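Trainee: This is the structure I have questions about; it appears just below.
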Amino acid sequence: MKSLSPNERLGFTPSFEEDLIHERSRAGRVGYNLPSLDVPLIEASQLWPSEFCRKEVSDFPEVSENEIVRHFVRLSQRNYAIDFGLYPLGSCTMKYNPKINEELAQNPQLSRLHPLWPEEFLQPALKIQYKLQNLLSILTGLEAFTLQPSAGAHGEYTGMKIIQAYHRKKNFNKTKVLIPESAHGTNPATCGMLGYEIVSIPANSSGIVQLEDLEGLITDDVAGIMMTNPNTLGLFEEHIHEIAKKIHAVDGLFYMDGANFNAILGITRPADLGVDVMHINLHKTFSTPHGGGGPGAGAVGVCEKLRNFLPSPQIEKEGSQYKFVYDLPDSIGRVGGYNGNFSIHLRALAYMLSIGSQPNGHPYFQKMAEAAVLNANYICSRLKAFFKLPYEKGCMHEVLFSDEWQTAHSIKTLDIAKRLMDYGYHPMTVYFPLVVSGAMLIEPTESESKESLDRFCEAMISIAKECKENAETVKSAPHFMFRERVDELRAQKQSCLRWKKSN
Amino acid sequence: MKYIPQSNEDRRELLNAVGAKHIDELFQHIPSELRVQSNLNYPLAQSEQDLRKTFQEIGALSPSPKRSFAGCGIYQHEIPSVVPFLQGRSEFSTAYTPFQPEISQGLLQCIYEFQTLACQLTEMELSNASLYDGATSLGEAILMALRIKKRSKGKILISQAIQPFYLQVVQTYCKNFQDRIQFIPLSGDHLDISQLKQVLNDQVDILVTQSPNVFGVIENYPEIASLIKESKVLWLTSTMEPLSFGLTKGPGAYGAHIVTAEGQSFGNSAYLGGSTYGIFCTKDEFIRNLPGRLVGQTLDQRGRRSYTLTFATREQFIRRGRATSNICTNNNLNMLAGLIHMSVLGKRGIRELAEQNFSKTEFLKDELRKSDFQVSDSPTFNEFVLETKQPASHFLNASSKESWVCGVDLGRFKEEWKHKLLIHVSELHSKEELLQLTQFLRAQSK
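Taken in sequence, the protein lines are chains D and H. Count along the first sequence from 1, add 1, and you get the number used in this note's numbering. Count along the second sequence from 1, add 2, and you get the number used in this note's numbering.
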């Protein structure tokens, strides 16, 4: 029997609960004030046909400013965040988001810039984008960049579109793209959007693509290959250079998904590995806030022969002036409304400037990659006695475990993930990559101290013990979160996707 | 390095624990000839103090316009103080996508509230958690409509009064179907309804319109609605200025099937046009074809109301090559600013703010008409086209010299539009500034 909290007995909402903004609404309350109108008020109905005119936005909330602040502060507290603790989501690179970058982004000289102002007013933005592209070129070895894509997947779309445009221009009939089975779902989804046939490269026991896996797959109609490196198992694709050569031999192009670029910054350059096109998730490697699901930013870099296919406009420097160039006959066109997520670009630039070279010693960006890889290896070494490591090969910036040893106690990855919340952590990435049953992908990033890694490992080890000794507690977790286990099936079966007055 | 807690001592301990003598051992699978051996001539690291200086210098590269009447898709409005205050909370900004509902209820509830507001605003049944921006939302809408009509190979009718950057995005997204696209010509500054009537037949799958359109004109949706009512055409709409919904009916009220909008006006600064967010709404029956994230209400184990991401079987991480889209971002933080701003405005505020924008725009139009300028009588909301004798670029150059911006020269898009100056007026412009603008335009027209 459910016991009532003191507030529930009074008939109130329990104190840490929060109603919907619409439920807080009371007719007549306002959360805004406007200056008084200094011109005559004109009603739309005086000038428009009556069928255009709206009486009101029905059921829009009516809430005072102070109530709005409480509402959203309360909601913010019902969340996990990097600024709260270690966020070990594999493939997501949840590193610390520096506060100076936020401060710089608030500068009204940057925030007010309108995309259709004359270029003489836009020099700050153009310079920031130009500088950012140049630094990305240095780190990747790729000659030219676009910053127009709004996210990683949008970058994939742009990059594959460039490949498609290049082959069409050359009159090559290319219909297939090779994609390893372990790839991010966005890779095949992108190719699907572009009408490519997807040829899956089956996984093998080594965890990386072997040359023999490609036998018979690289035919004349292959447009290219999409590979993530390090791959989604956290392993470096050792044969990438030879694979690139084979792809190039049939006029195919090599697309690298740069989601895991953090692991190899300053260690190796994609262009040197044979990569022709690559996207970089600026919100991962270059520290811009993930925002609870965006905005991200996907920069796309290409080798020299693909430069002309980049989206329009491009940025050029003439003397001391920067300008947009629109006249690009081979360009794939425009992929986003304006010039990409500039508010993210400027944060990424601030970060890239802060992780530069040192007068003596290695550049910070290289130290970053090294620390990220060392941290993941440390977690691997501490946990491998407790969780099954499907691939023994040394990992890069993330480590992959499976639930194989726990399934003996009928506990699966999802239970472990939910139990981890009770220890105060956001779960790792679960059930991805798909090639490993019950995958748990852990990426600590360089942002964690040794003590932080130790506490996390101890939580994981404790859960491994609970799986043997106290399985029910794990299976019914979480017990100390904002919510106990949420019924995701019900959300779909009895779908309710918005508030309505009646419900 | 202040962002990397690993000291040399820590590094030794960690290396020891993993059984490596040197960090290079962890990278030994990378062939040595492919390793970077230098600092790549990368510039020296900047301290926080250096960064402030660098960005101050960059910011000062251009003068800041004293006033701007530029709109055409990105609109400057007053942003209430609570918006950046709440949006900036790092519990929101430094979180990831709320895949794990038990630990992400706050974000999920925000998205659910946004979905509700977006539906109310557009008078639609279903909204996703938002997309990248207005232009890509329109592109995604067409791809979605093509999925719904997948057995058909009919035409895609597109209004020529859609903002050209939006059209360019649509053309990129529809490159593989470009032979199916047919543009509907204009009658002056709006869609030519009689032409539309002529081309509407069984061979048409999709109709795409924008209102207010690139000339700021509110299209005649009641008439379009009556034309397509009995047909099987899917009607897709785009709106660049969603504040107009404070005064105009939502496209859902006319029977539109997919409604998209740029969300920037609510809560977001211009930032060169990004990042913003796209509003994407449709009818319940099309849920399986919807791109993007979706949040639903449900219960937890103890029967408490909860929220979670749902209908994920449409999405790339499950369906892969057959997903409805590759999209996995909802520009959440921009959407959050929009949610907060819309909540602040509420039912009365959105109307009052829209009325102020409308009244000021009409005031300026009247002043210009009094000065013998040619201003169309078509219904507009908060921007309109001024037909200029000299090319519009002449006025832009003149205002730039005085460090302000008198509008957008539509000639930048098309040669035939070079005498069209698009002027956006909002609550930020005082009566005095509107009179100054009139004076300036008069003086420059001589």
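Even glycine gets a Cβ: it sits at the ideal position worked out from N, Cα and C. It should be emphasised that the depicted structure is a prediction, and the values quoted were computed from it without experimental measurement.
Name the residue from R25/D, V40/D, W49/D and L38/D whose alpha carbon lies nearest to the alpha carbon of P381/H.
Mentor: Against the second sequence, residue 381/H aligns to sequence position 379. Of R25/D, V40/D, W49/D and L38/D, the residue nearest in Cα terms is W49/D.
Trainee: Between T147/D and P312/D, how many whole angstroms is the CB-CB distance? I'm expecting something under 8 Å.
Mentor: Here residue 147/D is taken as the residue at index 146 of the first sequence, counted from 1. Here residue 312/D is taken as the residue at index 311 of the first sequence, counted from 1. Contact flag correct, Cβ pair sits at about 5 Å.
Trainee: List the residues that DSSP assigns as beta-bridge partners of F146/D.
Mentor: Against the first sequence, residue 146/D aligns to sequence position 145. G302/D, per the DSSP bridge assignment.
Trainee: Please report whether the beta-carbon of K349/H lies at a distance below 8 Å from any beta-carbon of chain D.
Mentor: Counting from 1 along the second sequence, the entry for residue 349/H is found at position 347. K349/H counts as touching chain D.
Trainee: Can you round the beta-carbon distance between G136/H and V206/H to whole angstroms, since I take them to be within the 8 Å contact cut?
Mentor: In the second sequence, residue 136/H corresponds to position 134, counting from 1. In the second sequence, residue 206/H corresponds to position 204, counting from 1. With a Cβ gap of about 24 Å, G136/H and V206/H do not count as contacting.
Trainee: Looking at V31/D and Q122/H, is the spacing between their C-beta atoms short of 8 Å?
Mentor: By 1-based counting over the second sequence, the position of residue 122/H is 120. By 1-based counting over the first sequence, the position of residue 31/D is 30. It is not a contact, given that the beta carbons lie outside the stated cut-off.
Trainee: Taking Cβ positions only, does V200/D come closer than 8 Å to chain H?
Mentor: Position 199 of the first sequence, counting from 1, holds the residue named residue 200/D. So no, V200/D is outside the interface.
Trainee: Could you please tell me which residues of the stretch 107–121 of chain D, in chain order, have their CB closer than 8 Å to any CB of chain H?
Mentor: Q107, N108, P109, Q110, L111, S112, R113, L114, H115, P116, L117, W118, P119 and E121
Trainee: Tell me whether N67/D sits in a helix, a strand or coil according to DSSP, three-state version.
Mentor: Start at 1 with the first residue of the first sequence, and residue 67/D comes out as number 66. Three-state DSSP puts N67/D in a helix.
Trainee: Within 8 Å of any Cβ in chain H, is that where the Cβ of Y379/D sits?
Mentor: Taking the first residue of the first sequence as position 1, residue 379/D is located at position 378. At least one chain H Cβ lies under 8 Å of Y379/D.
Trainee: How far does the beta strand (DSSP E) with E453/H in it reach, from first residue to last?
Mentor: Any question about residue 453/H goes unanswered here, given that chain H covers just 3 to 448.
Trainee: Given that a residue counts as buried once 16 or more other Cβ atoms are within 10 Å of its Cβ, and exposed if not, what is Q165/H?
Mentor: Against the second sequence, residue 165/H aligns to sequence position 163. Its Cβ being crowded by 16 or more others within 10 Å, Q165/H is buried.
Trainee: Under 9 Å between beta-carbons, which chain D residues line up against Q303/H? List them in chain order, please.
Mentor: One-based indexing of the second sequence puts residue 303/H at position 301. Result: S477, R484, E485, R486, V487 and D488.
Trainee: Enumerated in chain order, which unbroken segments of the alpha helix (DSSP H) with a length of 4 residues or greater are wholly contained in the stretch 169–225 of chain D?
Mentor: 187–194
Trainee: Identify the residues that DSSP records as bridge partners of W237/H: which are they?
Mentor: In the second sequence, the residue the question calls residue 237/H occupies position 235. Beta-bridge pairing links W237/H to L209/H.
Trainee: I'd like to check one pair, I316/D with Q130/D: are the Cβ atoms closer than 8 Å?
Mentor: As a position in the first sequence, residue 130/D is number 129, starting the count at 1. As a position in the first sequence, residue 316/D is number 315, starting the count at 1. Going by C-beta atoms, Q130/D is nearer than 8 Å to I316/D.
Trainee: Does the CB of Y5/H have a neighbour CB from chain D at under 8 Å?
Mentor: Numbered from its first residue, the second sequence carries residue 5/H at position 3. It does; some Cβ of chain D falls within 8 Å.
Trainee: Rounded to a whole number of angstroms, what is the C-alpha to C-alpha distance between H23/D and A120/H?
Mentor: Reading the first sequence from its first residue, position 22 is the one you call residue 23/D. Reading the second sequence from its first residue, position 118 is the one you call residue 120/H. Cα-Cα distance, rounded: 13 Å.
Trainee: When you compare the CB of S129/D with every CB in chain H, is at least one pair closer than 8 Å?
Mentor: Residue 129/D sits at position 128 when you count from the first residue of the first sequence. In the sequence under discussion, the amino acid at residue 129/D is Ile, which differs from the Ser named in the question. Chain H contact via Cβ: present.
Trainee: So, with DSSP's three-state summary, where would you put Q39/H?
Mentor: Here residue 39/H corresponds to residue number 37 of the second sequence, with the count starting at 1. Of the three classes helix, strand and coil, the one that applies to Q39/H here is coil, per DSSP.
Trainee: Do I281/D and G267/D come within 8 Å of each other at the CB atom, strictly closer than that value?
Mentor: Here residue 267/D corresponds to residue number 266 of the first sequence, with the count starting at 1. Here residue 281/D corresponds to residue number 280 of the first sequence, with the count starting at 1. Not closer than 8 Å, so no.
Trainee: Quick one: complete beta strand (DSSP E) runs, 3+ long, within the stretch 356–435 of chain D?
Mentor: If we require 3 residues or more, the beta strand (DSSP E) runs fully inside the stretch 356–435 of chain D come out as 400–402.
Trainee: Thinking C-beta only, is L274/H closer than 8 Å to A126/D?
Mentor: Looking up residue 126/D in the first sequence gives position 125. Looking up residue 274/H in the second sequence gives position 272. Against a cut-off of 8 Å, the Cβ pair of L274/H and A126/D comes out as a contact.
Trainee: Please state if the CB of E104/H and the CB of M422/D are separated by a distance shorter than 8 Å.
Mentor: Within the first sequence, numbered from 1, the residue matching residue 422/D stands at position 421. Within the second sequence, numbered from 1, the residue matching residue 104/H stands at position 102. In this structure, the beta-carbon distance from M422/D to E104/H falls below 8 Å.
Trainee: So what does DSSP say about E56/D, is it helix, strand or coil?
Mentor: On the first sequence, position 55 is the one that residue 56/D refers to. Before going on, a small fix: residue 56/D reads as Lys here, not Glu. Residue state, collapsed to three classes: coil.
Trainee: Given this structure, state the Cα-to-Cα distance separating S402/H from P67/H, to the nearest angstrom.
Mentor: Walking along the second sequence from the start, residue 402/H turns up at place 400. Walking along the second sequence from the start, residue 67/H turns up at place 65. Looking at the two C-alpha atoms, the distance is approximately 8 Å.
Trainee: Would R308/D pass as an interface residue toward chain H - the criterion being a Cβ-Cβ separation below 8 Å?
Mentor: Stepping through the first sequence from its first residue, residue 308/D is reached at position 307. With 8 Å as the cut-off, R308/D does not count as an interface residue toward chain H.
Trainee: Just grab the DSSP bridge partners of I160/H for me.
Mentor: Locating residue 160/H in the second sequence gives position 158, where the first residue counts as 1. Under DSSP, I160/H shares a beta bridge with F185/H and V210/H.
Trainee: Below 7 Å on C-beta distance, what does R456/D contact in chain H?
Mentor: The residue you call residue 456/D lines up with position 455 of the first sequence. Near R456/D there are no residues of chain H at all, since even the closest Cβ is about 13 Å away, more than 7 Å.
Trainee: So which residues of chain D does K260/H contact, with C-beta pairs closer than 9 Å?
Mentor: Position 258 of the second sequence, counting from 1, holds the residue named residue 260/H. Looking at the sequence provided, one finds Ile at residue 260/H rather than Lys. Those within 9 Å of I260/H in chain D number zero; the least Cβ separation is about 16 Å.
Trainee: State the DSSP-derived secondary structure class of N340/D, mapped to helix, strand or coil.
Mentor: By 1-based counting over the first sequence, the position of residue 340/D is 339. Here N340/D sits in coil by DSSP.
Trainee: Name the chain D residues whose beta carbon is nearer than 9 Å to that of T138/H?
Mentor: Working through the second sequence from its first residue, we reach residue 138/H at position 136. Those within 9 Å of T138/H in chain D are S151, H155, V336, G337 and G338.
Trainee: Kindly say whether S92/H, judged by its beta-carbon, lies nearer than 8 Å to any beta-carbon of chain D.
Mentor: As a working mapping, residue 92/H is identified with position 90 in the second sequence. So, interface residue.
Trainee: Could you pull the start and end residues of the alpha helix (DSSP H) that V219/H belongs to?
Mentor: Walking along the second sequence from the start, residue 219/H turns up at place 217. Here V219/H belongs to no alpha helix (DSSP H), and DSSP marks it neither H nor E.
Trainee: May I have the straight-line CA-CA distance separating S308/H from W419/H, to the nearest angstrom?
Mentor: The sequence position of residue 308/H within the second sequence is 306, counting from 1. The sequence position of residue 419/H within the second sequence is 417, counting from 1. S308/H and W419/H have their C-alpha atoms some 52 Å from each other.
Trainee: Hey, would you say the C-beta of G91/D is under 7 Å away from at least one heavy atom of the ligand ADP?
Mentor: No copy of the ligand ADP occurs in the structure displayed, which carries no ligand at all.
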